[in-house]
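K.L.:
Just so you know, the protein sequences line up as chains A and B, in that order.
Counting from 1, position 222 in the first sequence corresponds to residue 227 in this note's numbering; the numbering is continuous, with no gaps.
Counting from 1, position 118 in the second sequence corresponds to residue 114 in this note's numbering; the numbering is continuous, with no gaps.
Backbone N, C-alpha and C define an ideal beta-carbon position, used for all residues, glycine too.
One structure coming up, written as structure tokens, with questions to follow.
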Amino acid sequence: MSYYELCNTVAQAVEKTVLPLIGKTEAKTGMGMGADGTETERIDKIAEDAALSVLESDGRSMRLVSEELGEKIIGSKPEFTVILDPVDGTFNAVNNIPFFCVPVAIGDSDLSDTRYGYVKNLVNGDVYTAEYGHGAFLNNNMIHVSSRSYFPEMSFLSYSHHPYAVPANNHRVRRVRIFGSAALELCYIASGIFDAFIDMREMLRVTDIAAGKLIVEEAGGMVTDREGAQLETPLDVKQRLNLVASNGLSHNKLLELV
Amino acid sequence: MELETLVEIGIEIRNEISSFIGGNKDYGEMVTQRPKDITRKMDMAAEKALDSALLERGLSARVISEEIGDRIVGDKPEFMLVFDPIDGSTNATCGIPFFCTSIAYTEKTDIATFDDITMAVICDIQGNVYHAKKSKGAFLNGKRISGSKQGTRPKPVVSVYSYGVPHVPPGLIELEKKIIVRALGSIALDMCFVADGTLDGIMDTRKLVSGYDIMASALILDEAGGILTDISGKKISGNVQVTGISLIGTKQKELHDIIVSKLNA
């Protein structure tokens, strides 16, 4: 099974279990604390269980890094690591706000060595993929980041905190949107419909961004931390990150903002 | 016109927009190439759908539209419709499934103020239908909207529009610590989400909204028990052409008061 098939099978299994729960009260029944240190909603647990059973039946040995269970070794000699957020945008999903997705990435031991990224938008079924060195795709069509670099023409996706730079700079840009699903928002940078994504809340986990980061980079964009450094971090759901992603043309100017 | 007819017409137009978009295989790509053409085509398809929906039913109306201004459909207008074919057109052209079509109805044909609007329908691209009739309540997919949603939230979720203009209220940064911020890209649909409790609030500090943008959603929010004011806390009024509107919409007085006081600190 190719990486695409593996990720797609995982996403389909998640989709099947999650869609009947969207916007339902029972989706947000608390299930205790997840490995990432936040409350597990029922929808996350159900989605993760569905994904896990797909991976366990694959036959290959692999390591799974996932938001709720933390880490799990399948088989005896892992060939690769699957980095999964069973539902990215859980808050939206349980509240019926139509922005949530399943991001799946294939990597090794560090966020920087992701070799395959896959994000499925569970609202409209769009699938974003990227393989290291081979470009990024939306529904099998190659995508590329935008070419805008002049702030008054740019559309931002931005989350504030530390040090509240974004609302203070809102007047400088054409458009600001906040959808509440980082993995999907990174794909919107990759496909060129938004120009910059900024999240300074120190809340992002590797599971939220591994797939989207590779998709942005393979679409010609840049992803760094707030100092402009490459994001290098072990694949551990307890890590918390800030992130600036852009089409690359405006990256230094963006770093000045934050 | 009967409420049921208005709702039917709203659904017909939404379906027309939906099939128009569906007819273009790769609508992610369209955006980057010729966004303005696409927007105009989509809007025109919706305008045409409204005209045929009225004429097929033997109805005559004055239509005030965001896209093509003021027109008379049929021979002798019996009522006026304030029409926004696509609110959230950037989302629509980008393939982001968050936009709606919005129609407000008044029996008057000379002038329409917020108070004159007696019926409203908003259909989103996901298939949801919001409608309201003055003094008769607001409805989502035929079911009366009442009270607030179950479950608790760590902080209120508020859609915030404050970008692209020189003045950002200083209190906004302080306020954003107390809320979960969203900005979904369709003011009218955001207001419906406040009406049904999906969002706790919406605020737009840019003073760029016009009467026709929100006349339908204002009635829906009002009939759902919501509160709609400008950022100084004053009720929004005026006629369809009024521009420069800022807004705060909520269903909770306490949250409304907090937003007003922070923005005016």
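#1: Verify the CB distance criterion: does residue 108 of chain A have a CB-CB separation below 9 Å to chain B?
#2: Does the region 148 to 157 of chain B come within contact of the region 185 to 201 of chain B, defined as at least 3 CB pairs closer than 8 Å?
#3: Is it the case that the Cβ atoms of residue 55 of chain A and residue 21 of chain A are separated by a distance below 9 Å?
#4: So which residues on chain A does residue 160 of chain B lean against when the C-beta distance must stay under 9 Å?
#5: Taking DSSP as the reference, what is the three-state secondary structure of residue 252 of chain A?
#6: Which value, in whole angstroms, describes the spacing of the CA atoms of residue 118 of chain B and residue 4 of chain B?
#7: In terms of alpha-carbon separation, which member of B:65, B:53, B:85 lies closest to residue 74 of chain B?
#8: Taking the alpha carbon of residue 170 of chain B as the reference point, which residue from B:205, B:254, B:108 has its own alpha carbon closest?
#9: If you check the beta carbons only, do residue 156 of chain A and residue 255 of chain A fall under 9 Å apart?
#10: Should the region 150 to 165 of chain A be regarded as contacting the region 46 to 65 of chain A, the criterion being three or more beta carbon pairs within less than 8 Å?
#11: Which residues bound the beta strand (DSSP E) around residue 79 of chain B?
#12: Show which residues of chain B have a CB atom less than 8 Å away from the CB atom of residue 129 of chain A.
#13: Excluding the five sequence neighbours on either side, which residues of its own chain have a C-beta within less than 6 Å of the C-beta of residue 161 of chain B, listed in chain order?
#14: Is the region 86 to 93 of chain A in contact with the region 134 to 141 of chain A, if contact means three or more CB pairs nearer than 8 Å?
#15: From residue 247 of chain B to residue 207 of chain B, what distance separates their C-alpha atoms?
#16: Can you give me the Cβ contacts of residue 38 of chain B inside the same chain, cut-off strictly under 8 Å, excluding the 5 residues immediately before and after it?
#17: For the ligand SAM, is there a heavy atom less than 8 Å away from the beta-carbon of residue 211 of chain A?
#18: Do the region 120 to 132 of chain B and the region 179 to 191 of chain B make contact, defined as three or more Cβ pairs closer than 8 Å?
#19: Is it true that the CB of residue 133 of chain A sits closer than 9 Å to the CB of residue 162 of chain A?
#20: Any C-beta of chain A within less than 7 Å: which residues of the region 192 to 219 of chain B qualify?
#21: Under a three-way DSSP split, which group does residue 134 of chain B fall into?
P.N.:
This is what the structure holds:
#1: no
#2: yes
#3: yes
#4: 157, 175, 176, 177, 178, 179, 180, 181
#5: coil
#6: Straight across, the Cα-Cα distance linking residue 118 of chain B with residue 4 of chain B is about 11 Å.
#7: B:53
#8: B:254
#9: yes
#10: No: the two stretches stay apart, fewer than three of their Cβ pairs being nearer than 8 Å.
#11: Residues 75 to 83.
#12: 91, 93
#13: 202
#14: no
#15: 21 Å
#16: 13, 16, 17, 81, 82, 85, 88, 89
#17: The ligand SAM is not part of the structure shown, which contains no ligands of any sort.
#18: yes
#19: In this structure, residue 162 of chain A sits away from residue 133 of chain A, with a CB-CB distance that is not shorter than 9 Å.
#20: 194
#21: Secondary structure at residue 134 of chain B: strand, using DSSP grouped into helix, strand and coil.
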